[in-house]
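Chains as they are written, first to last, in our numbering: chain E, 1 to 293; chain Z, 1001 to 1244.
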């Protein structure tokens, strides 16, 4: 069968052309593609042609054709963000003008600040302080009343802005020295003072512990930062040792390790990274968790 | 035989079909990919982007070895919600010294393009060893061996040399001192610190891994993570000049 006469071959049952292929008397129908399908194909080709004219498309020597609509993905995101800023503008302006105390007293501002602060907390703070601010070993719990650097609005704002032991100029800088590693205390002395520190918050002690020796070492070495009674010092970030809240743990081994090698957890400074309004919102939100004192 | 019936030639000869397919695909590649190599505006001109230090480069190799790119992207797209969450969208210039790039396409974990300086070194140490000790809802596996394994600096010079072939502008001095520079960057008071600071003026040297006297794989990986997305100062970046 030749190419020319194959279309002449019409199947008697369906009235359709066959392809001319035949196996044991079975012939293949040459059914054309549905018209609507073919039309969509043509339409997309026409669409592509106009798209290339309207949008950035054809690469040239230096750059590409910008398209007559002048659209760009980067301008697009800038426009989106500008719109978002415009929508938030009134409340953000109010927030940036008001002091932390004013925000606290204005229910509308406070609600907004808490909502924005919560969102910012989830992305920026939760990895260390936990999704609900519960903290973990080495990362302070923000829900309790115990604050290393103070729990007032202004103190919280200072900590968020400048961090703790970060590379910011105004960062909180105090840190626990490595009494053991740097040879300031002998292992026996460290053990004694660790027992004494545990006794400050009323933890039960094994029999035969010499608290007097520990108390003397504490007065000579620790009281300058942690206070005579171990009540802590917010200026230096020296924790209160008399409450039952422990940043690293209350086991004697943990305390001995801290005395030996020192402690100095780092919190990054957020002043450059987050804008001032977001930090305000964060401050108000964190203050709701366990602020005060 | 009309032109419309010529497709029979392709349908009856598999080799001719294969050659035809290759030609059509290469036209696509030539038109869509090739121009990016010569067009002047593919990579923005920005200040601050520098080649990786040897320690960061070693960390980057560990990032690739452990398959971090399978769950983490390093590409903040130019979309409103991404910019809101992660910061400024990624610039092509920021990965101009990446061979190969780590843009990725899968986000089981968050995007890491701007993770640098976001968390403390100590947080990274804990998180790499046991992610759930700091983020209880995390599904990331732990990588505790990073803190145990001594960093292999033997082949770092070769590594830099290969990057040089790829077009990264390392100097002969940087290539030669790669191993010692890696050690210098991973400690606070290394005798080579001054020379390192001269060779990489904007790099930060500190004990990333937190183990005195040891340079581990954790040092390298954390050094790499802590510089991601930090090299361009967006306060002085000219947004308008790079709209495209």
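Yeah, the Cβ is synthetic: ideal placement off N, Cα and C, and Gly gets one too. All values reported here derive from a predicted model rather than from experimental measurement.
Of all alpha-carbon atoms in 288(E), 44(E) and 275(E), the one lying nearest the alpha-carbon of residue 124(E) is that of 275(E). Under the DSSP assignment, residue 18(E) falls outside any alpha helix (DSSP H), being part of the beta strand (DSSP E) whose first and last residues are 18-23. In the three-state scheme derived from DSSP, where H, G and I count as helix and E and B as strand, residue 1033(Z) is classed as coil. For the stretch 19-87 of chain E, the full-length beta strand (DSSP E) segments reaching 3 residues or more read 26-29 along the chain. Counting only residues of its own chain and dropping the five nearest sequence neighbours on each side, residue 157(E) has a CB closer than 6 Å to the CB of 283.
Within 10 angstroms of the beta-carbon of residue 1005(Z) lie fewer than 16 other beta-carbons, which makes it exposed. DSSP, read as helix, strand or coil, puts residue 233(E) in strand. Between the stretch 1052-1063 of chain Z and the stretch 50-65 of chain E there are fewer than three inter-stretch CB-CB distances shorter than 8 Å, so the stretches are not counted as touching.
Between residue 1192(Z) and residue 1206(Z), the beta carbon gap of about 14 Å keeps them out of contact (Cβ cut-off 8 Å). In the structure shown, residue 263(E) falls within a strand segment according to DSSP collapsed to helix, strand and coil. Around the beta-carbon of residue 217(E), 16 or more other beta-carbon atoms lie within 10 Å, marking it buried. Classified as exposed, residue 1172(Z) has fewer than 16 neighbouring CB atoms from the shown chains inside 10 Å of its CB. For residue 156(E), the secondary structure class from DSSP, reduced to helix, strand or coil, is helix.
The criterion of a C-beta distance shorter than 8 Å is not satisfied by residue 80(E) and residue 1209(Z). Look at residue 1120(Z): its C-beta is under 8 Å from a C-beta on chain E. Beyond the five residues adjoining it in sequence on each side, residue 268(E) comes within less than 7 Å, by CB distance, of 163 and 166 in the same chain, given in chain order.
If you compare the alpha carbons of 26(E), 129(E) and 202(E) with that of residue 250(E), the shortest gap goes to 202(E).
Remark: C-beta atoms of residue 1092(Z) and residue 1027(Z) do not approach each other more closely than 8 Å.
By the neighbour-count criterion, in which a residue is buried when 16 or more other Cβ atoms sit within 10 angstroms of its Cβ, residue 192(E) is buried. Under the three-state reduction of DSSP, residue 278(E) is assigned to helix. Using a Cβ-Cβ cut-off of 8 Å, residue 1013(Z) does not count as an interface residue toward chain E, since no Cβ of chain E sits closer than that to its own. In this structure residue 1181(Z) is not in contact with residue 1161(Z), their Cβ atoms being roughly 14 Å apart against a cut-off of 8 Å. Out of 1111(Z), 1204(Z), 1133(Z) and 1189(Z), the CA that lies nearest to the CA of residue 1224(Z) is found in 1204(Z). Pairing residue 1051(Z) with residue 1202(Z), the inter-Cα distance amounts to about 11 Å.
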